[in-house]
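Chemist: Pasting a structure here, questions to come.
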Amino acid sequence: MSKALEVKNLRISFKVNEGTVKAVRDISFDLEKGETLCIVGESGSGKSVTAKAILGILAGNSIVEGGEIIYRGDDLIKYTERDFEKIRGNLITMIFQDPLSSLNPIMRIGKQMTEATILNGRTNRKNAKKDYTTKLDQIEKAMSAAGCPADRVREQLRTFRAMAGEASRLESAYHLARDYADSAVLSIEQMLVDVHENDLKRMQPQFRELDEKIEKSYDPYLLPKGEKPFADAVERLHKAEQTYDGKDGRQLTDCLTALRDELKAALGRTEPDFFALGYTIQHGDRTALRGLDTDGMNALARPYLDERFMDGFLADLASALRHSAQQALPLKEKAAAAIRRALPVFQRETLDKAACERAARELTELTGRSIDRLSLHKNTKATTFGTTMEKNLRRYFDGVVNNPKELRREARQTEKLKRAAARKPDVGKVTPAVLVDLDLTRRNIVTAMEELAASYEQELAAGSETDYAAQAREMVEALRGMSYTMTNKVSKQAAYDKAIRIMEDVGIKEPRKRFRQYPFEFSGGMRQRIVIAIAVAANPEILICDEPTTALDVTIQAQILELINEVKRKRNISVIFITHDLGVVANMADRVAVMYAGKIVEYGTARDVFYHPAHPYTWALLASMPDLDTKEKLEAIGGTPPNMVYPPKGDAFAERNEYALAVDFEREPPMFQISDTHWAATWLLHPKAPRIDPPKSVTDRIRRMREREEAANGQP
Amino acid sequence: MDNREPILQVRHLKQYFGRKDFKAVDDISFDIYPGEVFGLVGESGCGKTTTGRAIIKLYNITGGEVIFKGQRISAGPRTFTDAIAAEKIASAQRTEELKKAGRTDEAQAEEQRLAAFIQEQKQAAKEARRDQKDCVKLYRERRQGEIRAQYEPKLAAASGEARHALEKERDARLKEASRENIVTKMQMIFQDPVSSLNPRMTVREIIAEGLRIQGVRDEKYINDQVCQMLERVGLVKEHADRYPHEFSGGQRQRIGIARAVVMKPELIIADEPVSALDVSIQAQVINLLNDLRHEMGLTILFIAHDLSVVKYFSDRIAVMYFGKIVELAGSDELFAHPMHPYTRSLLSAIPLPDPDYEQRRKRIVYQPAIAHDYSQEGPQFMEIVPGHFVSANSAEAARYKAEYGL
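Protein sequence lines correspond, in order, to chains Y and S. Position in the first sequence counted from 1, then plus 659, gives you the numbering used here. Position in the second sequence counted from 1, then plus 26, gives you the numbering used here.
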């Protein structure tokens, strides 16, 4: 599994009248591909702020004080609004708590659903086209530079372009047909229920819809038109439909089941190797492919492609990659040395503006030149180095110099406070004029530099061992991906079809009618489904759900959760799920992060957190929620969360924690590792701490869970 | 439990809306006994809240009746008009048949009977209207009558000074009874603590508003009551002069509770009081309601959709589905032996904080068309086990009994 998203040492605060609210204080977590991470905590614990930071939709008075959000090798913190527009609602989407306020009340549902698809389709194609051309140009240059004859390079790239183009066209058509076949299966399942109810009136339009879907799911590589068993099944269904009078549905049911099974069989077959097919169609003997099934086609076309073209191309590509990487090596060495040399400038107690800026400029140029444009594994530290330096330096210097007003205010307030303190001690605090933590900023700069130098040194050491053949294969895959996005045109009709299909996916009946309605015509659960459909329509990689079911009741909640799980499984999406309902967490989560007062206090797999909770706050959360067996008085958490303008010294939860140790009020606990997957920030885990067990209600509950588990295992 | 006098009786309550008679609540009946917590669950739009509001007279009910402390406080006219319409059709048919058979005497008798029936129903409707409108006055009169009757034998037995004292005592009680307002004995706590408090009133004004409307003019008494209530719900009296926006969600809900409890109600209708709150605050509010209930002997109609909370808090639970009660039982009994397929589906949808269980949990989908076969015989609300009622027809009832092991 690879990481879809990494959050490192994120700190966010909000500027308000009384000072700055430290909303998120140094949290780190990562999100694997295809997993669900649940973030649990009370309101005000910083859950939603974290989610909003990932999407770049923080409120205007927010300050990101430090940290990184790494996505696809880039740091999202450094993204501009224009950069965010490319990923927001497209690669990362969000579902909000209130389905009413996240829909536009005066726009038809259909428009709202297709809007993003069409817009994103357009920009995606444009971007992919640009990327694809630049990449190919770069490759061409590198290949020539590596010593391949120019004619051969030109010929190879032309072949590749044509082949990739053909493959993408085939694949687009195949996937479209596949989607229709999928949705035909869904409709058949719905129809089976309706036949059972003998609802003739409802059935008639469904037959038409099914016909349409089947018509669109014909594709030479998925369901060749006229394929014997399938055509028979359709034929029989048509006959049964004509004789069906709304009374005896047995014959119809049989036909529908047969058709569904045929469709499922087609969907279950191996996917054709489009690359090989593309080449064979372009350059080879396409008649040989006729009459073969997908496995046969693959077996025939792949070796043909490899022998005639691919092996040679890959070898040339690998040598080009090697050449390019080796060219970059001395530059990297130089840059690393320069960084090491420049470090003392930034390590002083107070920084000198002119010297720092000069050094930063020089280093930025050096690192910029040392980037290997052909490398697939983007060195984030190098690509973002320039902006990091610029931003941090600006913050460091402007924080002091450009704020005379703030300085005056601080002086005035301090004076006032001094006078007041003479009469009555402990009257309050003054918000510092410099809201930037200078030490922290300086540390951030130094760390960025050190990390970059270290990464360069690492690369230099590993330089000779890189497997360029493997990299060449990866490059080909990446190029193919771009080519596919480039070809995959989203027309209005396609967007409509897709929207209808997704509406069916999320369980909205009569999608064609619903498509033309306004949000107010939907119930709460239905609206939330629409919001999910919109979020999913863009085929995101990461789905962030901010309390999507809190306003809904159990049955609808269960349906929505099932829906999110289903979509996640089908499309291999990573989900960040924010909630305060522990039952929902247990249902959804692969891993859980418990947040309190802007920090993650416990982090682990769902089983770790529910069966071996370690932090007193987690205990308190578990104990305060009644489950079906609770009889005794609930142990509510006393008090309220602390005011985060003045974060408490030591552990933020100490004041409400009946198990607090003396040290909890003095020093902040670090993250103690309990197992490979489980961490908690509490002094109770320190080796010298007294042994304290979770409260009885929690241990009782865990015991009951175990018993239930054993009972379930006992009788399978 | 059944030998006690119920504090609230709901009989065939119907609440329809609009010209097309959208049936929000359709013929439901239940009793609530003093001191118990009666949970009402169901998905949104099934009529839980409408039921609560109909009981507290926020709507004019369409049909059926609500009896609170022995006094009918609302009654719907539809019951009588429906009866008249049905009788008219039936009677016309019978008269026709009789006329055809040439038995004119009997036909005439039938017509007379119909006229009498209509008269009777109209009279009943009139009474219903009176009860609906004047329930406060009627309750006062009834209370006074009761007090008089109570003192009658004592007065007859006593004489002289003792008699005088008794008379004085009786008059004081009569005066008290003449101020009693049966409707304020029922109070409501609302779901949304933000929108249910007037933002332009201080907490003191909000809590005291009910008392003032009741005609209390004694400022010191009002002040004492407000402070006492604030402390009772876990706030401090300094909070009295603040405005609602200065409080957190949990504290606002406490103010809502104080406002209801200050009227010294006997029945509280709590409409999703914890649904909008954070987990840790939920527990605080539930504990508070539980304490109040034991100290003040409150009866609570608890409307919610979070089944674990309902299970924890309620003595008996009624499950509603599309305006009808489909199952009613003691809370442990309901969760141990759910009978109606809808209840089963509802219970199977509760997520528990237990990952392994969640992995196993299979949600049961309720599809009325498949779950029931009512083509031969419609469902009725019947008692399968003592205290456990289910809406079922006789075939289903037999099956439920068999599954229960009877």
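Glycine residues also receive a C-beta, built at the ideal position from the N, C-alpha and C atoms. Values in this document were obtained by computation on a predicted structure and should not be read as measured data.
With hydrogens ignored, establish whether the beta-carbon of Y/H982 is closer than 6 angstroms to any heavy atom of the ligand ATP.
Modeler: Looking at this structure, you won't find the ligand ATP or any other ligand, since it has none at all.
Chemist: Might you give, ordered along the chain, the residues of its own chain that have their beta carbon closer than 6 angstroms to the beta carbon of Y/W1338, omitting 5 neighbours on each side?
Modeler: Translated into positions along the first sequence, residue 1338 of chain Y becomes position 679. Correct list, in chain order: Y1262, M1330 and Q1332.
Chemist: Quick one: residues in its chain with C-beta nearer than 7 angstroms to the C-beta of S/F43, no 5 flanking neighbours on either side, listed in chain order?
Modeler: Numbered from 1 along the second sequence, position 17 holds the residue referred to as residue 43 of chain S. Same-chain partners within the cutoff: A50.
Chemist: What are the uninterrupted segments assigned as alpha helix (DSSP H) that are 4 or more residues long and contained completely in the segment 216-278 of chain S, given in chain order?
Modeler: As far as the segment 216-278 of chain S is concerned, its whole alpha helix (DSSP H) runs of at least 4 residues are 229-239 and 245-258.
Chemist: What residues in the segment 1255-1274 of chain Y have a beta carbon less than 9 angstroms from any beta carbon of chain S?
Modeler: Residues passing the 9 angstroms Cβ filter: T1264, A1265, R1266, V1268, F1269 and Y1270.
Chemist: Buried or exposed: Y/N676, going by 16 or more other Cβ atoms within 10 Å of its Cβ?
Modeler: Numbered from 1 along the first sequence, position 17 holds the residue referred to as residue 676 of chain Y. Burial call: exposed.
Chemist: What are the boundary residues of the alpha helix (DSSP H) that S/Y426 is part of?
Modeler: Within the second sequence, residue 426 of chain S is the residue found at index 400, counting from 1. Where S/Y426 is concerned, the enclosing alpha helix (DSSP H) stretches over S420 to Y430.
Chemist: How would you list, in chain order, the residues of chain S whose beta-carbon sits under 7 angstroms from the beta-carbon of Y/D1286?
Modeler: The residue labelled residue 1286 of chain Y in the question sits at position 627 within the first sequence. The answer, in chain order, is S334, L378 and P379.
Chemist: Going by CA-CA distance only, name the one from S/S274, S/H398, S/E178 and S/A296 that's closest to Y/P1300.
Modeler: For the purposes of this step, residue 1300 of chain Y is identified with residue 641 of the first sequence, where counting begins at 1. The shortest Cα separation from Y/P1300 among S/S274, S/H398, S/E178 and S/A296 belongs to S/S274.
Chemist: For the segment 1209-1227 of chain Y, enumerate the residues whose C-beta is nearer than 9 angstroms to any C-beta of chain S, in chain order.
Modeler: Listed by position along the chain: T1209, A1210, L1211, D1212, V1213, T1214, I1215, Q1216, A1217, Q1218, L1220 and E1221.
Chemist: Among the residues of its own chain, which have a CB less than 7 angstroms from the CB of S/F216, if the five just before and after it don't count?
Modeler: On the second sequence, position 190 is the one that residue 216 of chain S refers to. Same-chain partners within the cutoff: S222, G282 and D297.
Chemist: Could you give the DSSP three-state label for Y/Y1127: helix, strand or coil?
Modeler: Numbered from 1 along the first sequence, position 468 holds the residue referred to as residue 1127 of chain Y. DSSP places Y/Y1127 in helix when its eight states are reduced to three.
Chemist: Just to make sure I have the definition right: I need the residues of chain S whose C-beta is within less than 8 angstroms of the C-beta of Y/M1378. Which are they?
Modeler: Residue 1378 of chain Y is absent from the model: chain Y starts at 660 and stops at 1375.
Chemist: With distances taken from CA atoms, which of S/M289, S/E62 and S/G73 is nearest S/Y85?
Modeler: As a first step, residue 85 of chain S is located in the second sequence; it is residue number 59 there, counting from the start. Cα-wise, what sits closest to S/Y85 is S/G73.
Chemist: Chain S beta carbons: is any one of them nearer than 7 angstroms to that of Y/S1384?
Modeler: Not covered by the structure: residue 1384 of chain Y. The range shown for chain Y is 660 to 1375.
Chemist: Just confirm the distance between the C-beta atoms of Y/L1111 and Y/I1030, as a whole number of angstroms; I'd bet it's less than 8 angstroms.
Modeler: Working through the first sequence from its first residue, we reach residue 1111 of chain Y at position 452. Working through the first sequence from its first residue, we reach residue 1030 of chain Y at position 371. With a Cβ gap of about 11 angstroms, Y/L1111 and Y/I1030 do not count as contacting.
Chemist: Would you say Y/M660 reaches chain S, if we count a Cβ-Cβ gap shorter than 7 angstroms as a contact?
Modeler: Residue numbering aside, residue 660 of chain Y sits at position 1 when the first sequence is read from its first letter. The predicted model places Y/M660 with a pLDDT of 46, which falls under 50 and marks its position as unreliable; any figure quoted below should be read in that light. With 7 angstroms as the cut-off, Y/M660 does not count as an interface residue toward chain S.
Chemist: Between S/H414 and chain Y, is the shortest Cβ-Cβ distance under 7 angstroms, so that the two count as touching?
Modeler: The count along the second sequence starts at 1 and reaches residue 414 of chain S at position 388. Chain Y contact via Cβ: absent.
Chemist: Flag this pair as yes or no: are the beta carbons of Y/Q771 and Y/N783 separated by less than 7 angstroms?
Modeler: By one-based count along the first sequence, residue 771 of chain Y stands at place 112. By one-based count along the first sequence, residue 783 of chain Y stands at place 124. For Y/Q771 and Y/N783, no; Cβs fall outside 7 angstroms.
Chemist: When burial is assigned at 16 or more other CB atoms within 10 Å of the CB, is S/M322 buried or exposed?
Modeler: Position 296 of the second sequence, counted from the start, is the residue given in the question as residue 322 of chain S. With fewer than 16 other Cβ atoms within 10 Å, it is exposed.
Chemist: Within 7 angstroms (strictly less), CB to CB, does S/M27 reach chain Y?
Modeler: Here residue 27 of chain S refers to the residue found at position 1 when the second sequence is read from its first residue. Because S/M27 sits at a pLDDT of 47, beneath the cut-off of 50, its placement in the model cannot be relied upon, and the following sentence gives the value as read from the coordinates. Not one chain Y Cβ lies under 7 angstroms of S/M27.
Chemist: Looking at C-alpha atoms only, which residue of Y/D1164, Y/M1254 and Y/L717 is the closest neighbour of Y/E1221?
Modeler: Position 562 of the first sequence, counting from 1, holds the residue named residue 1221 of chain Y. Answer by Cα proximity: Y/D1164.
Chemist: Provide the residue span of the beta strand (DSSP E) that contains Y/Q1006, from first to last.
Modeler: Locating residue 1006 of chain Y in the first sequence gives position 347, where the first residue counts as 1. That residue, Y/Q1006, is in no beta strand (DSSP E); it is neither H nor E in DSSP.
Chemist: Taking Cβ positions only, does S/Y338 come closer than 7 angstroms to chain Y?
Modeler: On the second sequence, residue 338 of chain S is found 312 positions in, with the first residue counted as 1. It does; some Cβ of chain Y falls within 7 angstroms.
Chemist: For S/M214, I'd like the list of residues in its chain whose CB is within less than 6 angstroms of its CB, leaving aside the five on either flank, ordered along the chain.
Modeler: Reading the second sequence from its first residue, position 188 is the one you call residue 214 of chain S. Excluding residues within five positions, the ones whose Cβ falls inside 6 angstroms are I82 and I295.
Chemist: Using a beta-carbon distance below 7 angstroms, is Y/N1246 in contact with chain S?
Modeler: Mapped onto the first sequence, residue 1246 of chain Y falls at position 587. It does: the Cβ of Y/N1246 has a partner Cβ on chain S nearer than 7 angstroms.
Chemist: Quick check: what's the CA-CA separation for Y/V1226 versus Y/Y877?
Modeler: Taking the first sequence and counting its residues from 1, one reaches residue 1226 of chain Y at position 567. Taking the first sequence and counting its residues from 1, one reaches residue 877 of chain Y at position 218. Rounded to whole angstroms, Y/V1226 to Y/Y877 spans 24 angstroms at the Cα level.
Chemist: At what residues does the beta strand (DSSP E) containing S/A50 begin and finish?
Modeler: Position 24 of the second sequence holds residue 50 of chain S. It spans F48 to I58 - the beta strand (DSSP E) in which S/A50 sits, taken as one unbroken run.
Chemist: Out of curiosity, what's the CA-to-CA distance linking Y/Q813 and Y/A984?
Modeler: The sequence position of residue 813 of chain Y within the first sequence is 154, counting from 1. The sequence position of residue 984 of chain Y within the first sequence is 325, counting from 1. A quick correction: the sequence has Arg, not Gln, at residue 813 of chain Y. Approximately 22 angstroms, taken between the alpha carbons.
Chemist: Taking the Cβ atom as the reference point for each residue, do Y/K692 and Y/S661 lie within a distance shorter than 7 angstroms?
Modeler: Numbered from its first residue, the first sequence carries residue 692 of chain Y at position 33. Numbered from its first residue, the first sequence carries residue 661 of chain Y at position 2. In this structure, Y/S661 lies closer than 7 angstroms to Y/K692 by Cβ.
Chemist: Please compile the residues from chain Y whose C-beta is within a distance smaller than 7 angstroms of the C-beta of S/S417.
Modeler: Here residue 417 of chain S refers to the residue found at position 391 of the second sequence. The premise fails here: S/S417 is roughly 18 angstroms from chain Y at the closest Cβ pair, so nothing lies under 7 angstroms.
Chemist: Quick one, which of S/G61, S/P377, S/R156 and S/H320 has its alpha-carbon nearest Y/V1213's?
Modeler: As a first step, residue 1213 of chain Y is located in the first sequence; it is residue number 554 there, counting from the start. The shortest Cα separation from Y/V1213 among S/G61, S/P377, S/R156 and S/H320 belongs to S/P377.
Chemist: For my contact list, Y/L915 and Y/M850 are in at a C-beta cut-off of 8 angstroms; report their separation, rounded to the angstrom.
Modeler: Counting from 1 along the first sequence, the entry for residue 915 of chain Y is found at position 256. Counting from 1 along the first sequence, the entry for residue 850 of chain Y is found at position 191. Yes, they are in contact, since the Cβ atoms of Y/L915 and Y/M850 sit about 6 angstroms apart, within 8 angstroms.
Chemist: Would Y/P1375 count as contacting chain S if we go by Cβ distances under 7 angstroms?
Modeler: Position 716 of the first sequence, counted from the start, is the residue given in the question as residue 1375 of chain Y. At Y/P1375, the pLDDT of 44 sits below 50, so the modelled position is not reliable and the matter cannot be decided from this model.
Chemist: Out of Y/G719, Y/E727 and Y/I716, point me to the one whose CA is closest to Y/S687's CA.
Modeler: Along the first sequence, read from residue 1 onward, the residue named residue 687 of chain Y stands at position 28. It is Y/E727.
Chemist: I'd like to know whether the C-beta atoms of Y/A710 and Y/D1205 end up nearer to each other than 7 angstroms.
Modeler: Translated into the one-based positions of the first sequence, residue 710 of chain Y becomes position 51. Translated into the one-based positions of the first sequence, residue 1205 of chain Y becomes position 546. Yes.
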